[in-house]
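Novice:
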Amino acid sequence: MKTLFLHVVPSIILLSFTTEVSAALVDFVNGTWNFGSGAVTGWQQPILDTSPYTGTTTLSNGVQATFTITDFGTVIHTNPNTSEHMTSRAYDTGTGLYLTQSSGSAFDAEADPLTNYLRIDVALSSASAVEFFVHDIDRMNDVWDDAVYVESFVGGFGILGEGTVANYAALGSNLTTLTIHTQNLLSIRPDEIGNPPSSIIDDADELTTNSARINFADEVQYFSFYYWDRDADASESNNQLIHLAGISVLDMSEVPEPSTWAFLTITGLAGFVRKRRLSKRNSHVAC
């Protein structure tokens, strides 16, 4: 008899199965990473303005994930607390990265081409269902106005704007989507002024007024995340950041019946497993 174990945390799920389905969270704090010189624990913060910066980790379900962070155009990373490019953060349910930049340094007017931005390319060793949360996409008067764009590629990474736009599955009440820049980027941006303190975000999967849940309509192997500032009056003396958190990866090669599902969201995955268990239990009773 096959045994099926499910470990659940709210909304984002860390799954460990002895058969059939396996998913895992990218762990930036306690996971094992390699930056080219051997294994280390956790995402190692690079020296200020080191670009590109690449780290590779193997998830608990065997999927290898490689993250490459690159600055394009004029991007200045500052953080008054750490003086580092980006820092890891632990949550009750998963871990994430603070992505910092100096307000105004990555500015692009929305009618112009997007040329100044931070790009994160994520390559997986196998096609997978992916879902993650982004927090603190905010706007403060004429100081900053965060913008986020996410797309996937087939066969390798491509040019900005030429991939398939991600599914912005759920947006906080202060966020909206708008097609901006000459590359026609369907982006997430603040709809209202608001700068919630980072202290209110306790869990990686928490959906606040300035948080977004992002996934893809199909399994992906290559996807890119972009972050920039679109406020013409932003001042470089002010610092801003967003949180990339709770990235969950479900290895599609281990899902036995791909024709039976369209997309399993992180919150819907538990229901999928419960349905399979109930079906097996009823079949056993009938026999």
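Just remember that my numbering sits 286 ahead of the position in the sequence shown, which is counted from 1.
Idealized CB from N, CA, C, for every residue including glycine.
Quick caveat: nothing in here was measured; it's all calculated off a predicted structure.
Answer yes or no: do GLY359 and ASN402 have a C-beta to C-beta separation smaller than 7 angstroms?
Specialist: For GLY359 and ASN402, yes; Cβs fall inside 7 angstroms.
Novice: Sorted by chain position, which residues of the same chain lie with C-beta nearer than 8 angstroms to ARG229's C-beta, five sequence neighbours on each side aside?
Specialist: Beyond the ends of the chain as shown, which are 287 and 573, falls residue 229; an answer cannot be given.
Novice: Short of 8 angstroms in beta carbon distance, which residues of its chain neighbour ASP537, apart from the five on each side in sequence? Order them along the chain.
Specialist: SER308, ALA309, ASN347, GLY348, VAL349, SER412 and SER414.
Novice: Any beta carbon from chain B within less than 7 angstroms of PHE419's own beta carbon?
Specialist: The chain labelled as chain B is not found in the depicted structure, where only one protein chain is given.
Novice: Between ASP432 and ILE406, what straight-line distance do the alpha-carbon atoms span, to the nearest angstrom?
Specialist: Whole-angstrom Cα-Cα distance: 16 angstroms.
Novice: Counting C-beta neighbours from all protein chains within 10 Å, is the total for SER459 16 or more, i.e. buried, or is it exposed?
Specialist: Classification for SER459: exposed.
Novice: For ALA413, which residues does DSSP report across the bridge?
Specialist: In DSSP, ALA413 forms no bridge with anything.
Novice: Give me the Cα-Cα distance between THR352 and LEU410, rounded to the nearest whole angstrom.
Specialist: Going by the C-alpha atoms only, they are around 7 angstroms apart.
Novice: Can you tell me whether DSSP reads ILE445 as helix, strand or coil?
Specialist: Coil, per DSSP.
Novice: At which residue ranges does the segment 377-403 contain complete beta strand (DSSP E) runs of 3 or more residues, listed in the order of the chain?
Specialist: Complete beta strand (DSSP E) runs here, min 3: 380-388.
Novice: With distances taken between CB atoms, is the gap from THR343 to GLY317 smaller than 7 angstroms?
Specialist: Their beta carbons are under 7 angstroms apart, which means THR343 touches GLY317 by this criterion.
Novice: Is the distance from the Cβ of SER534 to the Cβ of LEU311 below 7 angstroms?
Specialist: Yes, the Cβ-Cβ distance between SER534 and LEU311 is below 7 angstroms.
Novice: What residue from THR494, THR379 and GLY341 has the CA that sits closest to ASN320's CA?
Specialist: Checking every option, the nearest Cα to that of ASN320 belongs to GLY341.
Novice: Would you mind reading off the limits of the beta strand (DSSP E) that contains GLU505?
Specialist: Counting along the chain, GLU505 falls outside any beta strand (DSSP E), and DSSP gives it neither H nor E.
Novice: Please state whether DSSP places ILE500 in a helix, a strand or coil.
Specialist: In this structure, ILE500 counts as strand in the three-state DSSP scheme.
Novice: I need the boundaries of the beta strand (DSSP E) containing LEU457, first residue and last residue.
Specialist: Its beta strand (DSSP E) spans residues 453-457.
Novice: Work out the CA separation of VAL326 and ASN470 for me, nearest whole Å.
Specialist: Using only the alpha carbons, I get a separation of about 39 angstroms.
Novice: Just tell me which of THR336, GLY480, PRO332 and ASP422 has its CA closest to the CA of ASP488.
Specialist: Measuring from the Cα of ASP488, the nearest candidate turns out to be ASP422.
Novice: First and last residue of the beta strand (DSSP E) that includes ASP431?
Specialist: Note, ASP431: beta strand (DSSP E), 430-439.
Novice: Which same chain residues, not among the five before or five after THR506, have their C-beta less than 6 angstroms away from its C-beta?
Specialist: Note that residue 506 is Val in the sequence shown here, rather than Thr. Excluding residues within five positions, the ones whose Cβ falls inside 6 angstroms are VAL416 and SER438.
Novice: Determine the direct distance from the alpha carbon of ALA498 to that of ALA392, and round the result to whole angstroms.
Specialist: Each residue's alpha carbon lies about 21 angstroms from the other.
Novice: According to DSSP, is ARG563 helix, strand or coil?
Specialist: Reliability of the predicted coordinates at ARG563 is poor, the pLDDT of 37 falling under 50, and the value obtained from them is presented with this limitation in mind. Three-state result, ARG563: helix.
Novice: Nearest-angstrom Cα distance between THR336 and ILE362?
Specialist: Whole-angstrom Cα-Cα distance: 10 angstroms.
Novice: Can you have a look at ALA503 and say buried or exposed, based on whether 16 or more other CB atoms are within 10 angstroms of its CB?
Specialist: Its Cβ having fewer than 16 others within 10 Å, ALA503 is exposed.
Novice: Exposed or buried, which one is ILE466 when buried takes at least 16 other CB atoms within 10 Å?
Specialist: With 16 or more Cβ atoms within 10 Å of its Cβ, ILE466 is classed as buried.
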